[in-house]
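Written below as structure tokens is the structure these notes are about.
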Amino acid sequence: MGGRKNGYGRLMVDGKSLLAHRLAYALANGPIPPEAILRHICDVPACVRPDHLVPGTHEENMRDRKTRKRDLRRNLAERCDPEVRSLLVLAHGQWP
Ligand SMILES: [Zn+2]
Numbered sequence: 000m001g002g003r004k005n006g007y008g009r010l011m012v013d014g015k016s017l018l019a020h021r022l023a024y025a026l027a028n029g030p031i032p033p034e035a036i037l038r039h040i041c042d043v044p045a046c047v048r049p050d051h052l053v054p055g056t057h058e059e060n061m062r063d064r065k066t067r068k069r070d071l072r073r074n075l076a077e078r079c080d081p082e083v084r085s086l087l088v089l090a091h092g093q094w095p
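Structure below.
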């Protein structure tokens, strides 16, 4: 079953532990380059909304944290519902 580590949702698929947000993004948009990280534009690590995730580099991720506006983050974060959506992905095996 899923679990939490460092605030990220995790799922077990085929005996492998996957990060829930990477799975949700891949289901919605196709494979993620292995070297890419997914940036949460809402800054909610447990969020699995594909429209809150953009592929990028670690450097871009660090830059985001300095430059992104707090108001934008808060507005997005209110729409995340990470627990509910993680459970939906877990239950359906895909983005509902
Ligand atoms: Zn989000």
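If you count the sequence shown from 1, position 34 lands on 33 in numbering that gives the first Met the number 0, and the numbers rise without skipping. Yeah, the Cβ is synthetic: ideal placement off N, Cα and C, and Gly gets one too. Predicted model only: the values in this text are computed from it and were never measured.
The set of residues with any CB-heavy atom separation to ligand 1 below 5 Å comprises, in chain order, Cys41, Val43, Cys46, Arg48, His51 and Cys79. For secondary structure counted as the alpha helix (DSSP H) over 4 or more consecutive residues, the stretch 2 to 44 holds these complete runs in sequence order: 19 to 28. For the pair Ala19 and Asn60, the Cα-to-Cα distance works out to about 18 Å. Scanning its chain for C-beta atoms nearer than 8 Å, with the 5 sequence neighbours on each side dropped, one finds around His57 the residues Ile36, in chain order. Restricting attention to Glu34, Asp42 and Lys15, the CA atom closest to the CA of Thr66 is found in Asp42. Pairing Ala27 with Pro49 gives a Cβ-Cβ distance under 8 Å. Scanning its chain for C-beta atoms nearer than 7 Å, with the 5 sequence neighbours on each side dropped, one finds around Ile40 the residues His51, Val53 and Leu75, in chain order.
The residue from Asp13, Glu34, Cys46 and Gly29 with its alpha-carbon nearest to that of Tyr7 is Cys46.
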